[in-house]
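Heads up: the sequence lines are chains U and E, in that order.
The first sequence runs 0 to 154 under numbering that gives the first Met the number 0.
The second sequence runs 0 to 412 under numbering that gives the first Met the number 0.
All residues carry an ideal CB built from backbone N, CA and C; glycine is no exception.
It should be emphasised that the depicted structure is a prediction, and the values quoted were computed from it without experimental measurement.
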Amino acid sequence: MPALIDVHEKEILRALDADLPFLSSRAAIELDNVVLGRPTELSSVKALVRRLSNSFEPIHETATPRSLMDPATLTVVSRAISGSQWTSKLTTVDQLVTEAWNLTSSMKKSSEDRTSTPEKQVLERMRDFCVALSKCAASYRKTIHAARPVHRYRR
Amino acid sequence: MLPLQHARKRVRSFLAEINRLRESEFPYEQSKGALALIQEVAERHLESLDALTDENDIDTVINECGMTVTFLYDNLPFLGFILRSTNIRNGFEVYFPLLRLARAILGEDTKLIISSEWDYSPFIYGGIPELPGFVLIGLPAPESANPLLMPLAGHELGHSVWIKHKCKDIFATEIREKILSEIKARWTEYTILFPGDLTDADLETDLFALQTWAPAFDWAINQAEEEFCDYIGIAIFGEAYLHAFAYLLAPGMSDERPFHYPNMRRRVADMKEAATTMGVATPQSYEQCFIDMVEPDDATEREKKFLLSLADTASQSIRSQLIEKARTLILNSGFIPRSNEIIKNIVGRFELVVPAEDTRGLSNILNAGWVALNDDSFWRKTNLSEMKDTTLKELILKTIEVYEIEERTRVSR
């Protein structure tokens, strides 16, 4: 029988996943180390990119990305994108999905092709997005569970 | 940088505490294993902090320092829980049978820790990234050695079943659609509460509109999960779950209702429906034993009330599917359902004040316990009637021990 909860199986970005704030923070550190020219494993960036890709990758024109099933995730990602100044104000879900996919593609390229490091400014914006995502995911979780005066893993 | 120094020191203190705890005597290995896993994650946090320097981006550093606060905030209660799992207040007789039951339902890799806790409501810590495969069940201290309340662990295991079988993903679309159709049906009310230049077509495409109903979606998912867990408890423990639930919670409290549960009377009515579907007899006048908790105020909490009503409607709309999902998951898990004949035999043995043999599982034993407890004529003609509760609990615990020995010898044969 498989393990009860294999956290590595979670390939979709979910705003309420308990490890998202930590994963995003680690990814930000890795990207910051790339900015500083330090040798860095990009394992957290890759893990985050996997989740973003599976959530925002356009499957085909008529299909709905999986992320659209979950309004909390859309809310958190839109706040993170706006908060990191990745783009100007987002107002529609279509804009959000497009920008999230652009951002994911940039991060994917950076993590897979280490020979052509993107401009420092682009790396910094990706790093800032990761910091913002870490904060937004942590704060959204708190808001939603505010009605429960208990520990966040308690169900 | 001061926050960085503080962050490193507090993680080191946490690690020192783990080292002290590892010196404790543990009744089973899994508590120690959990400590080792938490230690690994804390060490990774420390490595990450140690690698940061003044050259790193300040926002990135500050955020990581904040994440260590979050990590400690989340994980310190686990250390306390693990420590309390060693307390003799726990009903250790129940541990291995409950672990066997959890593994039958969740898989052989399941790791269980049970602890006597200082919270009145039983609870579970589950889906913990640091502790994959672990299920931590807390039972209220005054009742933690009371085997008659063990069926409530069925609800707590239900949360792990919900996660394992990705039930949120299964029901999310339907819940989302129901919330959207409800908003459209109550459009005037919605636009008064959330004024803006919106049309109903914007509900799924406009980010502002999306954020207005997102809490209703999350609450509905939470409510569905809690109801599902009740149904899992009923599927495993049958009547014993209903009795244990009423013992601990009836009639309910007069506080404002929590949003992640349906209100009490609806919850109980839904449990009754699940029981009927699963062939479980609901105690007479069961619903009348409970009262509703207070709804949000009409005048001052209109938005909250509106969103909560959306959540209630959406979670209620999938009630039958949740019952069926719980029923089939337990049926297909290989869990051996309770048997009325075996329960009757166990009650017969209890009547003679001797532990029962060949009980084939916790569910039979605990249901027999409740049958005996609820029977006013039980032991009436003996000198045991005044000590009925205490004697019965001891008999149940002894019977659970016999069951465990039978299982171990059966496996070794």
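| Query | Result |
| --- | --- |
| ILE113(E) (DSSP reduced to helix, strand or coil) | strand |
| Under 8 Å between C-beta atoms of GLU54(E) and LEU47(U) | no |
| Under 8 Å (Cβ pairs) to chain U, residues found in the region 175-208 of chain E | ARG175, GLU203, THR204, ASP205, LEU206, PHE207 |
| Uninterrupted alpha helix (DSSP H) stretches inside the region 61-110 of chain E (no shorter than 4 residues) | 91-105 |
| Minimum Cβ-Cβ distance from ALA137(U) to chain E less than 8 Å | yes |
| Per-residue DSSP class, three states only, for THR74(U) | helix |
| Interface residues of the region 119-132 of chain E facing chain U [CB-CB below 8 Å] | PHE122, ILE123, TYR124, GLY125, GLY126, ILE127, PRO128, PRO131, GLY132 |
| Beta strand (DSSP E) segment containing GLY278(E), residue limits | Taken as a continuous stretch (DSSP letters only), GLY278(E) belongs to no beta strand (DSSP E), as it is neither H nor E. |
| C-beta atoms of LEU372(E) and LEU391(E) nearer than 8 Å | yes |
| Contact set between LYS134(U) and chain E, taken where Cβ atoms lie within less than 9 Å | ASN62, GLY65 |
| Any C-beta of chain B under 8 Å from that of ASN89(E) | Absent from the structure: chain B. Protein chains present are U and E. |
| Euclidean distance between Cα positions of PHE287(E) and MET263(E) | Note on residue identity: the sequence assigns Gln, not Phe, to residue 287(E). Going from the Cα of GLN287(E) to the Cα of MET263(E) covers about 11 Å. |
| At least 3 beta-carbon pairs within less than 8 Å: the region 273-292 of chain E vs the region 181-196 of chain E | no |
| Meets three-Cβ-pair contact criterion under 8 Å: the region 192-203 of chain E and the region 231-247 of chain E | no |
| Cross-strand partners of ASP205(E) (DSSP beta bridge) | THR91(U) |
| ASP269(E) versus GLU226(E): straight-line alpha-carbon distance, rounded | 8 Å |
| Reduced DSSP secondary structure (H/G/I, E/B, other) of ILE418(E) | Outside the displayed range of chain E (0 to 412) lies residue 418(E), so it cannot be described from this structure. |
| 8 Å CB neighbourhood of LYS31(E) in its chain, flanking five on each side removed | ARG21, PHE25 |
| Same chain only: Cβ atoms within 8 Å of LEU34(E), ignoring 5 sequence neighbours per side | ILE17, LEU20, ARG21, LEU78, ILE81 |
| Candidates ARG126(U), PRO117(U), ARG78(U), ARG50(U), of which the one nearest ASP58(E) by Cα | ARG126(U) |
| Close beta carbons around GLY90(E), own chain, < 7 Å, minus the five adjacent residues each side | SER143, ALA144, PRO146, LEU396 |
| Nearest-angstrom Cα separation, counted from SER54(U) out to SER362(E) | 42 Å |
| Given SER384(E) as reference, the closest of PHE349(E), ARG266(E), VAL401(E), ARG337(E) once Cα atoms are compared | PHE349(E) |
| CB contact check: PHE21(U) to chain E, cutoff 8 Å | yes |
| CB contact below 8 Å: SER77(U) versus chain E | yes |
| CB of ALA101(E) within 8 Å of CB of PHE334(E), strictly | no |
| Alpha-carbon to alpha-carbon, ILE87(E) and VAL353(E) | 24 Å |
| Coarse secondary structure for ILE127(E), derived from DSSP in three states | coil |
| Cut-off 7 Å between Cβ atoms - residues of its own chain near ASP291(E), not counting five sequence neighbours on either side | ASN262, MET263, ARG264 |
| Minimum C-alpha distance to LEU179(E) - residue among THR204(E), GLU155(E), ALA15(E), ILE191(E) | THR204(E) |
| Rounded distance between the beta-carbons of ASP69(U) and ALA14(U), thought under 8 Å | 7 Å |
| Proximity test, Cβ basis, 8 Å: SER47(E) and chain U | yes |
| Any 3 or more C-beta pairs closer than 8 Å across the region 72-80 of chain U and the region 117-137 of chain U | yes |
| Proximity test, Cβ basis, 8 Å: GLN4(E) and chain U | no |
| Distance, TYR94(E) Cα to GLY368(E) Cα | 18 Å |
| C-beta atoms of GLU155(E) and PRO131(E) nearer than 8 Å | no |
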